[in-house]
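See structure below.
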Amino acid sequence: ELKVEQNPLFLSMQEGKNYTIYCNYSTTSDRLYWYRQDPGKSLESLFVLLSNGAVKQEGRLMASLDTKARLSTLHITAAVHDLSATYFCAVDTYSGGGADGLTFGKGTHLIIQP
Amino acid sequence: EAQVTQNPRYLITVTGKKLTVTCSQNMNHEYMSWYRQDPGLGLRQIYYSMNVEVTDKGDVPEGYKVSRKEKRNFPLILESPSPNQTSLYFCASTYLGGGEKLFFGSGTQLSVL
Numbered sequence: 010e011l012k013v014e015q016n017p018l019f020l021s022m023q024e025g026k027n028y029t030i031y032c033n034y035s036t037t038s039d040r041l042y043w044y045r046q047d048p049g050k051s052l053e054s055l056f057v058l059l060s061n062g063a064v065k066q067e068g069r070l071m072a073s074l075d076t077k078a079r080l081s082t083l084h085i086t087a088a089v090h091d092l093s094a095t096y097f098c099a100v101d102t103y104s105g106g107g108a109d110g111l112t113f114g115k116g117t118h119l120i121i122q123p
Numbered sequence: 217e218a219q220v221t222q223n224p225r226y227l228i229t230v231t232g233k234k235l236t237v238t239c240s241q242n243m244n245h246e247y248m249s250w251y252r253q254d255p256g257l258g259l260r261q262i263y264y265s266m267n268v269e270v271t272d273k274g275d276v277p278e279g280y281k282v283s284r285k286e287k288r289n290f291p292l293i294l295e296s297p298s299p300n301q302t303s304l305y306f307c308a309s310t311y312l313g314g315g316e317k318l319f320f321g322s323g324t325q326l327s328v329l
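Chains A and B, in that order, are what the protein sequence lines are. So our numbering is basically just the index in the first sequence, starting at one, shifted up by 9. So our numbering is basically just the index in the second sequence, starting at one, shifted up by 216.
Okay, here's the thing in structure tokens:
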């Protein structure tokens, strides 16, 4: 059974600081996704990482994937209040015959204070 | 506009009263899926479908049914809802083959009394 673990699960940080959210998973996969969820809202796709060493950046967020370590990171640079949200990583258990679906981590609730 | 539409947005019902949550997508996606989101547990997959008339169980299928008679629609059916099915439900869709992001509906907050 695939397990996806995020840490931390809760993070309170100040504007202007840098921080990293970690996503570990338990089985081989080279497809990892990051989503953002605002309170009371649906999930919004942030990044799709499809190979070892993949790095994607959008604004103050940068995601990377190390398939050998089974680890993805979401790095926040010079945080601003608008980035306050819950961030989920998800791993694809695609098994050749079709997409089995994503297994999600429990989410990291990020609060950025002025 | 490309979207996944779920209805209703909010639903309060009583134990045992059958209900259906509808999901429709206008992107011609082969793959559709239902998730439930509970505090501290993240999102867990209930059922998924890779095409018309093809459905399969996810991680938590007990107490739920789905059907995929048309490519665009993937309703979630609770034949006899129970309080432990109180949750926030999301429908999602994408192209088959993997490597594509999921498009999520706006969610259905279900309360079973």
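Ideal placement from N, C-alpha and C gives every residue a C-beta, glycine not left out.
Query: Please name the residue, chosen from A:Thr112, A:Thr102, A:Thr117 and A:Leu92, that lies closest to Lys26 (chain A) on a Cα-to-Cα basis.; Result: A:Leu92
Query: Indicate the three-state DSSP secondary structure (helix, strand or coil) for Asn61 (chain A) in the structure shown.; Result: coil
Query: Run the CB neighbour count on Ala88 (chain A), radius 10 Å, all protein chains shown included, and call it buried at 16 or more, exposed below.; Result: buried
Query: Evaluate the contact criterion for the stretch 26-35 of chain A versus the stretch 223-236 of chain B: three or more CB pairs, one atom per stretch, below 8 Å.; Result: no
Query: Excluding the five sequence neighbours on either side, which residues of its own chain have a C-beta within less than 8 Å of the C-beta of His90 (chain A), listed in chain order?; Result: Glu24, Ile121, Gln122 and Pro123
Query: In or out: Glu269 (chain B) buried (at least 16 other Cβ within 10 Å) or exposed?; Result: exposed
Query: Could you tell me if Glu316 (chain B) is buried or exposed, where buried requires 16 or more neighbouring beta carbons within 10 angstroms of its beta carbon?; Result: buried
Query: Within a Cβ cutoff of 7 Å, which residues of the same chain sit near Ala94 (chain A), ignoring the five residues on either side of it in sequence?; Result: Arg45, Gln46, Asp47 and Leu119
Query: 9 Å is my cut-off, CB to CB: does Ala99 (chain A) come that close to chain B?; Result: yes
Query: If you follow the beta strand (DSSP E) that Val100 (chain A) is part of, which residue opens it and which one closes it?; Result: Ala94 to Asp101
Query: Report back the beta-carbon spacing between Glu14 (chain A) and Gly114 (chain A) to the nearest angstrom; my notes put them in contact at under 8 Å.; Result: 6 Å
Query: Beta carbon of Met248 (chain B), beta carbon of Ala218 (chain B): below 9 Å?; Result: no
Query: If you scan the stretch 220-271 of chain B from start to end, which runs of the alpha helix (DSSP H) of 4 or more residues do you find wholly inside it?; Result: none
Query: By DSSP's criteria, Glu128 (chain A) is part of a beta bridge. Which residues make up the other side?; Result: Because chain A here runs from 10 to 123, residue 128 (chain A) falls outside it and cannot be looked at.
Query: Determine the burial state of Gln66 (chain A): buried for a count of at least 16 other Cβ atoms within 10 Å of its Cβ, exposed for fewer.; Result: exposed
Query: Report the rounded CA-to-CA distance for Val220 (chain B) versus Leu52 (chain A), giving the unit in angstroms.; Result: 12 Å
Query: Let me see if you follow: with CB-CB separation under 9 Å, is Glu217 (chain B) close to chain A or not?; Result: no
Query: I'd like to know if Phe320 (chain B) contacts chain A, where contact means its C-beta is closer than 9 Å to some C-beta of that chain.; Result: yes
Query: Roughly how many whole angstroms lie between the Cα atoms of Lys233 (chain B) and Glu246 (chain B)?; Result: 31 Å
Query: Taking the C-alpha atoms as reference points, what is the distance between Tyr42 (chain A) and Leu58 (chain A)?; Result: 6 Å
Query: Measure from the C-beta of Gln241 (chain B) to each C-beta in chain A and report whether the shortest distance is under 9 Å.; Result: no
Query: Run down chain B in chain order and give the residues with a C-beta less than 7 Å from the C-beta of Phe113 (chain A).; Result: Gly258 and Leu259
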